[in-house]
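All you need for the working numbering is the position in the sequence shown, starting with 1, plus 34.
C-beta atoms are modelled at their ideal positions from N, C-alpha and C, and glycine is treated no differently.
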Amino acid sequence: MSRLVLHIDMDAFFAAIEQSDHPEWKGKAVIVGADPKGGRGRGVVSTCSYEARVHGVRSAMPVSKAYALCPHAVYVYPRGSRYAEVSRQIMRLLGTYSPDIQQLSVDEAFLDITSTQRLFGGAEALAHKIKADILATTRLTCSIGIAPNKFIAKIASDLRKPDGLVIVSAGEEQRFLAPLEISRLWGVGPKTRPVMLRLGIKTIGDLTRFSCDALIKRLGPSGLHFWRLANGLDERPVVEEAEAKSISRETTFEVDCGDEEVLRATLFYLCDDLCYDMRRHDLTGRTVTLKIRLEDFSTFTRSITLKQPTHSSEELFQHVRKLFMAFDRQGQRVRLIGAALSNLQQGEAQMELFAGNDDRKDKLDRVMDDVRKKFGASAIQRASVLKNRRDSQWIREP
Ligand SMILES: [Mg+2]
Numbered sequence: 035m036s037r038l039v040l041h042i043d044m045d046a047f048f049a050a051i052e053q054s055d056h057p058e059w060k061g062k063a064v065i066v067g068a069d070p071k072g073g074r075g076r077g078v079v080s081t082c083s084y085e086a087r088v089h090g091v092r093s094a095m096p097v098s099k100a101y102a103l104c105p106h107a108v109y110v111y112p113r114g115s116r117y118a119e120v121s122r123q124i125m126r127l128l129g130t131y132s133p134d135i136q137q138l139s140v141d142e143a144f145l146d147i148t149s150t151q152r153l154f155g156g157a158e159a160l161a162h163k164i165k166a167d168i169l170a171t172t173r174l175t176c177s178i179g180i181a182p183n184k185f186i187a188k189i190a191s192d193l194r195k196p197d198g199l200v201i202v203s204a205g206e207e208q209r210f211l212a213p214l215e216i217s218r219l220w221g222v223g224p225k226t227r228p229v230m231l232r233l234g235i236k237t238i239g240d241l242t243r244f245s246c247d248a249l250i251k252r253l254g255p256s257g258l259h260f261w262r263l264a265n266g267l268d269e270r271p272v273v274e275e276a277e278a279k280s281i282s283r284e285t286t287f288e289v290d291c292g293d294e295e296v297l298r299a300t301l302f303y304l305c306d307d308l309c310y311d312m313r314r315h316d317l318t319g320r321t322v323t324l325k326i327r328l329e330d331f332s333t334f335t336r337s338i339t340l341k342q343p344t345h346s347s348e349e350l351f352q353h354v355r356k357l358f359m360a361f362d363r364q365g366q367r368v369r370l371i372g373a374a375l376s377n378l379q380q381g382e383a384q385m386e387l388f389a390g391n392d393d394r395k396d397k398l399d400r401v402m403d404d405v406r407k408k409f410g411a412s413a414i415q416r417a418s419v420l421k422n423r424r425d426s427q428w429i430r431e432p
């Protein structure tokens with residue numbers, strides 16, 4: 035029996051939340067991201083409402099370009115914790131439709147509904163029920179794709195946005211895929227695309243005219259991967275891939291920064307913000323990563339893996355600071371700086387074992403978390419951060 039996989043993707047998620055929280059912004063172009071500074075802003079657009087997309091604004095576009103296209107838009111800073119809160123509501127709700135759920139990002143997930151769809155009157159009825167449920171709970175719309183596998187379900191959810199529903203039944207896979215552009219295949223990037231075009235492959239259907247062997251000969255081992263996808267074959271199960279995830283924070287400076295003290299304070303702020311999120315989600319991480327982009331745009335990451343997982347702001351900061359001090363910037367100033375924790379684990383059980391070592395740090399974290407819970411995240415900032423916040427400004431990128 036063939037599987038039934040559902041892919042759900044929220045429509046313009048961050049922007050839609052802002053419009054829902056600020057009804058006066060409904061129907062307006064809303065751009066979530068860096069401050070445009072009247073066209074001189076240096077960060078990027080995170081998400082924009084459909085009203086802004088009409089003007090050509092897109093995610094990941096420099097905010098200065100967005101401003102040139104759409105100066106009258108409402109520009110807002112991302113409110114990460116609010117988006118995470120709505121995301122948790124949605125994921126909790128999705129979990130009531132199937133135990134087999136795989137969250138891809140803050141606003142996207144796969145559900146394997148092979149065995150549960152009947153309880154809800156079939157796949158289409160289930161999709162409508164999920165949409166209605168999400169709308170009632172969050173006042174937001176989503177798009178859903180349903181197909182015999184993950185690859186096709188994800189393409190399907192993207193085809194009729196916003197508020198779309200596309201169902202591809204077993205046996206229809208090839209007919210559905212054939213007219214789509216080759217760039218829809220996972221893994222077709224700037225390197226592979228020209229090679230495919232030279233072979234006369236513009237659509238997924240064009241690719242299925244080649245035998246598997248012929249593709250491997252021309253494209254190497256990835257030929258097999260493309261042949262399988264193009265023919266609608268994808269057996270990957272819907273499972274949570276916890277080890278692949280990471281949590282990160284980064285920031286672009288208003289003006290390239292060479293001041294060690296400002297850089298260190300910024301790193302502390304990012305580490306603290308990141309660890310606050312980790313603690314609220316009851317996560318710990320073992321691999322610490324520092325990310326740096328220099329004034330010439332060259333970008334570097336440096337990582338170390340710890341013996342024990344952590345979610346202590348102070349501990350993460352100490353490791354990131356060491357990586358930072360060991361990094362040779364060759365006199366260049368810093369354009370962007372960030373920190374990440376990966377190799378994540380759920381649950382605090384292991385932490386308790388080592389709590390004795392670092393009781394003070396742990397207590398400090400907990401006190402700060404309590405204050406934040408009561409008064410909101412901006413209520414508390416450690417002294418070193420506050421001090422530098424006055425003389426330097428930064429924009430948070432999501
Ligand atoms: Mg989305």
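- Taken in chain order, the whole beta strand (DSSP E) runs of length 3 or more contained in the segment 122 to 168 are 135 to 139 and 142 to 146.
- Taking 8 Å as the cut-off, the beta carbon of D192 is found no closer than this to the beta carbon of R37.
- Pairing V368 with R355, the inter-Cα distance amounts to about 15 Å.
- When secondary structure is reduced to three states using DSSP, Q208 falls in the helix class.
- With a cutoff of 7 Å, E142 counts as near ligand 1, since its C-beta is closer than that to a heavy atom of the ligand.
- Shown here, L38 sits in coil according to DSSP, grouped into three states, outside any helix or strand.
- For I180, DSSP records a beta bridge to L40 and I201.
- Set against 7 Å, the gap from the CB of F48 to the closest heavy atom of ligand 1 is not smaller.
- Short of 6 Å from the beta carbon of C82, and not among the five residues preceding or following it, lie these beta carbons of its own chain, in chain order: A49, I65 and V91.
- Of the heavy atoms belonging to ligand 1, none sits nearer than 7 Å to the Cβ of M125.
- Judged by DSSP secondary structure, E284 falls within the beta strand (DSSP E) whose first and last residues are S280 to C291.
- The segment 153 to 161 makes no contact with the segment 244 to 263, as fewer than three CB pairs between them are under 8 Å.
- In this structure, D43 has its beta carbon less than 7 Å from a heavy atom of ligand 1.
- With contacts defined by Cβ atoms closer than 8 Å, L324 and R283 do not form a contacting pair.
- In this structure, L231 is the residue among I164, L231 and F334 with its C-alpha nearest to the C-alpha of R252.
- Spanning the alpha carbons of W261 and G179 requires a straight line of approximately 22 Å.
- Counting other Cβ atoms within 10 Å of its Cβ, E85 reaches 16 or more and is therefore classed as buried.
- Pairwise C-beta distances place the segment 297 to 307 in contact with the segment 360 to 380, as three or more of them are shorter than 8 Å.
- Per DSSP, L340 is one residue of the beta strand (DSSP E) stretching across T333 to T344.
- Exposed is the label assigned to Q342, since fewer than 16 other Cβ atoms lie within 10 Å of its Cβ.
- In the DSSP assignment, Q364 falls outside any beta strand (DSSP E) and carries neither an H nor an E.
- Non-local C-beta neighbours of L357 in its own chain, meaning closer than 6 Å and more than five positions away in sequence, comprise L324 and R336, ordered along the chain.
- Among the bridge pairs identified by DSSP, R327 is matched with T333 and L370.
- When DSSP reads this structure, E269 sits in no beta bridge, so it has no partner.
- When the five nearest sequence neighbours on each side are left out, the beta carbons in the same chain lying within less than 7 Å of the beta carbon of M95 are those of V78 and V79, in order along the chain.
- F144 is not a Cβ neighbour of A107, given a cutoff of 8 Å.
- Between the segment 257 to 272 and the segment 208 to 222, the count of C-beta pairs closer than 8 Å reaches three or more; the two stretches touch.
- Straight-line spacing of the CA atoms in W59 and Y109 works out to 11 Å.
- DSSP places Y111 outside both helix and strand once states are collapsed to three, so it counts as coil.
- Counting of Cβ neighbours within 10 angstroms places Q53 among the buried residues, the total reaching 16 or more.
- Taking the Cα positions, D197 is about 20 Å away from H56.
- Across the structure, E329 and G114 are spaced so that their CA atoms are roughly 27 Å apart.
- In terms of Cα proximity to I135, the closest of E274, L301 and T285 is E274.
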